[in-house]
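Asks: First, the structure itself, so that you have it in front of you.
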Amino acid sequence: MNKRLQESEIKKDLSGIEVPDIFSFLSNIWFLNEQVIKLGKGVPLITDNHPAIEFYLHLGNVIGVPGQERYVFNRSRFDDVVKQISNLSEEDRQKFKSYFRAMDLYQRGVMYGNRGQLLEAMTLVEDDDLFRYHLQAGRKQIQRLTQLVEEEPDNLKYMLNLAHSFFQIGNYNQSMEILKLVLEKNPNLGFANLYMGYNLLEMGNKDEALAYFQTTAKNNPQQMSTIMREIGLVSLLKEIDKNPQDPVLLRSLAEYYNLKKDYLKSLKYSLPLLQKDQMNLKILQAIVFSYRGLGEAREVLMYGGRYNLIDPNEIHLQFIMAEIFVLLNKCDKALPLLEKVLKKDDTYRNVWELNESCIKKAPI
52 MNKRLQESEI
62 KKDLSGIEVP
72 DIFSFLSNIW
82 FLNEQVIKLG
92 KGVPLITDNH
102 PAIEFYLHLG
112 NVIGVPGQER
122 YVFNRSRFDD
132 VVKQISNLSE
142 EDRQKFKSYF
152 RAMDLYQRGV
162 MYGNRGQLLE
172 AMTLVEDDDL
182 FRYHLQAGRK
192 QIQRLTQLVE
202 EEPDNLKYML
212 NLAHSFFQIG
222 NYNQSMEILK
232 LVLEKNPNLG
242 FANLYMGYNL
252 LEMGNKDEAL
262 AYFQTTAKNN
272 PQQMSTIMRE
282 IGLVSLLKEI
292 DKNPQDPVLL
302 RSLAEYYNLK
312 KDYLKSLKYS
322 LPLLQKDQMN
332 LKILQAIVFS
342 YRGLGEAREV
352 LMYGGRYNLI
362 DPNEIHLQFI
372 MAEIFVLLNK
382 CDKALPLLEK
392 VLKKDDTYRN
402 VWELNESCIK
412 KAPI
């Protein structure tokens with residue numbers, strides 16, 4: 052297979068769809084036969100009388116996030132895929148594992164619009180332009196914007212777009228250099244002040260970030276809710292600087308990052324806290340919410356199960372676990388959890404719909 056991919060015509064065709072090498076090609080394997088049968092149960096076959104376009108029109112909910120999650124969550128396991136590949140050295144196996152994980156992160160990052168997952172995916176592979184594209188920072192895009200800025204140095208729109216692209220891929224210094232030029236031309240420009248604050252906060256410069264957020268709030272009151280959230284975060288981070296081992300503050304920070312949907316940052320604080328206090332329900336809850344936001348089904352069930360052992364009456368966690376089981380086609384495990392939710396609160400949002408959808412299915 053590797054030799055075939057080196058053939059000029061095949062290599063050219065694959066490069067056009069961002070598949071530069073054998074590892075990228077293999078990382079796009081999502082389902083083996085077992086998963087295809089499992090996911091296809093009860094779904095009409097694509098035939099001449101029922102072609103692909105009709106299939107997708109008939110099952111339009113496949114396009115929504117829950118429909119996408121069902122396919123993403125049921126991906127074949129890495130070890131099972133590896134068993135189907137011959138002549139794979141240990142070195143290549145480890146490299147393929149990084150690409151396989153990167154594709155997991157990529158799909159979730161695109162599905163949820165999660166910048167953190169796409170940034171993490173970029174660190175795992177050699178050719179990262181596919182991920183950069185979805186961060187609005189592909190190499191060609193940055194080259195084009197750079198050229199436009201050189202041609203029209205007073206065009207603030209081009210400069211802001213270029214600064215945003217650099218921010219998106221974590222090039223904070225480059226982003227700030229451009230934003231400083233923008234602010235020299237227009238000191239009150241809201242977007243420039245806001246992203247100066249974002250850049251500085253990512254780099255750990257809390258006081259400077261706070262000043263830019265305050266300037267944004269002063270000049271752009273329509274962004275007040277966004278700015279107050281960032282100012283609150285800065286205040287919390289500064290309190291933690293004074294009390295770096297305070298578990299209540301650290302847990303609050305994890306919960307705050309969850310509210311911002313910055314789930315990876317939340318886990319950096321909640322997971323170490325759990326190691327020190329393994330029965331803490333608030334920490335476990337924060338971890339479950341983070342993994343649910345990231346679409347990591349196995350971790351949701353693992354930590355949700357731990358929570359359920361300590362407190363079997365928490366219906367919010369039970370509903371989240373039931374939802375994951377349904378997406379994994381494991382209604383036999385979802386139904387008991389849904390029954391508990393219904394007994395405690397039969398008005399709980401979406402519980403009836405989920406329960407009915409499961410009752411209609413035979414356990415898999």
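Numbering (this note's numbering), first residue to last: 52 to 415.
Ideal Cβ positions, reconstructed from N, Cα and C, are used throughout, including at glycine.
Could you check how far apart the C-beta atoms of V176 and Y150 are, in whole angstroms? I think they sit under 8 Å.
Replies: One-based indexing of the sequence shown puts residue 176 at position 125. One-based indexing of the sequence shown puts residue 150 at position 99. Indeed they touch by this definition, with Cβ atoms about 6 Å apart.
Asks: I'd like the list of long-range same chain contacts for A413, defined as Cβ closer than 6 Å, with 5 residues on each side in sequence excluded.
Replies: The residue given as residue 413 occupies position 362 in the sequence shown. In this prediction, A413 has a pLDDT of 48, which is less than 50 and means its spatial position is unreliable; nothing more can be read from the coordinates.
Asks: What three-state label does DSSP hand T98 in the structure shown?
Replies: Within the sequence shown, residue 98 is the residue found at index 47, counting from 1. Note: T98 maps to strand in three-state DSSP.
Asks: Spell out a yes or no on whether the stretch 163-179 and the stretch 318-331 are touching, meaning 3 or more CB-CB pairs, one atom from each, closer than 8 Å.
Replies: The answer is no - the stretch 318-331 does not touch the stretch 163-179, with fewer than three Cβ pairs under 8 Å.
Asks: Can you name, in chain order, every residue of its own chain whose Cβ lies under 8 Å from the Cβ of V351, other than the five neighbours on each side?
Replies: Taking the sequence shown and counting its residues from 1, one reaches residue 351 at position 300. V339, Y342, R343, I371, M372 and I375, listed in sequence order.
Asks: Taking the alpha-carbon of G115 as reference, which of L156, V161, N224 and N100 has the nearest alpha-carbon?
Replies: In the sequence shown, residue 115 corresponds to position 64, counting from 1. Checking every option, the nearest Cα to that of G115 belongs to V161.
Asks: Taking just the CA atoms, how far does I361 sit from M330?
Replies: If you number the sequence shown from 1, residue 330 lands on position 279. If you number the sequence shown from 1, residue 361 lands on position 310. Taking the straight line joining both Cα atoms gives about 7 Å.
Asks: Quick check: N359 and L368, are their CB atoms within less than 8 Å of each other?
Replies: As a position in the sequence shown, residue 359 is number 308, starting the count at 1. As a position in the sequence shown, residue 368 is number 317, starting the count at 1. The answer is yes: Cβ separation under 8 Å.
Asks: Which whole runs of the alpha helix (DSSP H) in the stretch 169-231 are 4 residues long or more, in chain order?
Replies: Segments of the alpha helix (DSSP H) lying fully in the stretch 169-231: 180-185, 190-202 and 207-219.
Asks: Please look up how many angstroms separate the CB atoms of A153 and S66, rounded, as I've assumed it's under 8 Å.
Replies: Residue 153 sits at position 102 when you count from the first residue of the sequence shown. Residue 66 sits at position 15 when you count from the first residue of the sequence shown. Going by Cβ atoms, the distance from A153 to S66 rounds to 18 Å, so no, they are not a contact pair.
Asks: Please identify the residue among Q86, N239, Y209 and Q158 whose C-alpha is closest to the C-alpha of T197.
Replies: The residue given as residue 197 occupies position 146 in the sequence shown. Per the Cα distances, Y209.
Asks: Return the first residue and the last residue of the alpha helix (DSSP H) that D64 is part of.
Replies: Working through the sequence shown from its first residue, we reach residue 64 at position 13. Per DSSP, D64 belongs to the alpha helix (DSSP H) from S59 to S66.
Asks: How many Å lie between R183 and K257 at the Cα?
Replies: As a working mapping, residue 183 is identified with position 132 in the sequence shown. As a working mapping, residue 257 is identified with position 206 in the sequence shown. Using only the alpha carbons, I get a separation of about 27 Å.
Asks: Considering Cα atoms alone, identify which of K312, K311 and L318 is closest to L301.
Replies: Stepping through the sequence shown from its first residue, residue 301 is reached at position 250. Among K312, K311 and L318, the Cα nearest to that of L301 is on L318.
Asks: Taking the alpha helix (DSSP H) that Q86 belongs to, which residues open and close that run?
Replies: In the sequence shown, counting from the first residue as 1, residue 86 sits at position 35. Taken as a continuous stretch (DSSP letters only), the alpha helix (DSSP H) holding Q86 covers N84 to G91.
Asks: Nearest-angstrom Cα distance between L245 and Q168?
Replies: In the sequence shown, counting from the first residue as 1, residue 245 sits at position 194. In the sequence shown, counting from the first residue as 1, residue 168 sits at position 117. Approximately 22 Å, taken between the alpha carbons.
Asks: V123 by DSSP, collapsed to three states: which one?
Replies: The residue you call residue 123 lines up with position 72 of the sequence shown. Helix, per DSSP.
Asks: Report the start-end ranges of each alpha helix (DSSP H) in the stretch 298-340 that is 4 residues or longer and not cut off at the edges.
Replies: Whole alpha helix (DSSP H) segments, 4+ residues: 298-310 and 314-327.
Asks: Does DSSP put T277 in a helix, in a strand, or in coil?
Replies: Walking along the sequence shown from the start, residue 277 turns up at place 226. The answer is helix: DSSP assigns T277 an H, G or I state.
Asks: Can the beta-carbon of K236 be found less than 8 Å from the beta-carbon of L211?
Replies: Start at 1 with the first residue of the sequence shown, and residue 236 comes out as number 185. Start at 1 with the first residue of the sequence shown, and residue 211 comes out as number 160. For K236 and L211, no; Cβs fall outside 8 Å.
Asks: Could you tell me the distance, in whole angstroms, from the CA atom of I73 to the CA atom of Q145?
Replies: Within the sequence shown, numbered from 1, the residue matching residue 73 stands at position 22. Within the sequence shown, numbered from 1, the residue matching residue 145 stands at position 94. The straight-line gap from Cα to Cα measures roughly 13 Å.
Asks: Excluding the 5 residues preceding and the 5 following Q225 in the sequence, name in chain order all residues of the same chain whose CB lies nearer than 7 Å to its CB.
Replies: As a first step, residue 225 is located in the sequence shown; it is residue number 174 there, counting from the start. Contacts found: F217.
Asks: Assign L261 to one of two classes, buried (16 or more other C-beta atoms within 10 Å of its C-beta) or exposed (fewer than that).
Replies: Along the sequence shown, one-based indexing puts residue 261 at 210. The residue in question, L261, is buried, as its Cβ has 16 or more Cβ neighbours within 10 Å.
Asks: Please classify M247: does DSSP put it in a helix, a strand, or coil?
Replies: For the purposes of this step, residue 247 is identified with residue 196 of the sequence shown, where counting begins at 1. In this structure, M247 counts as helix in the three-state DSSP scheme.
Asks: Sorted by chain position, which residues of the same chain lie with C-beta nearer than 7 Å to I278's C-beta, five sequence neighbours on each side aside?
Replies: Counting from one through the sequence shown, the residue named residue 278 turns up at place 227. Excluding residues within five positions, the ones whose Cβ falls inside 7 Å are F264, T267 and A268.
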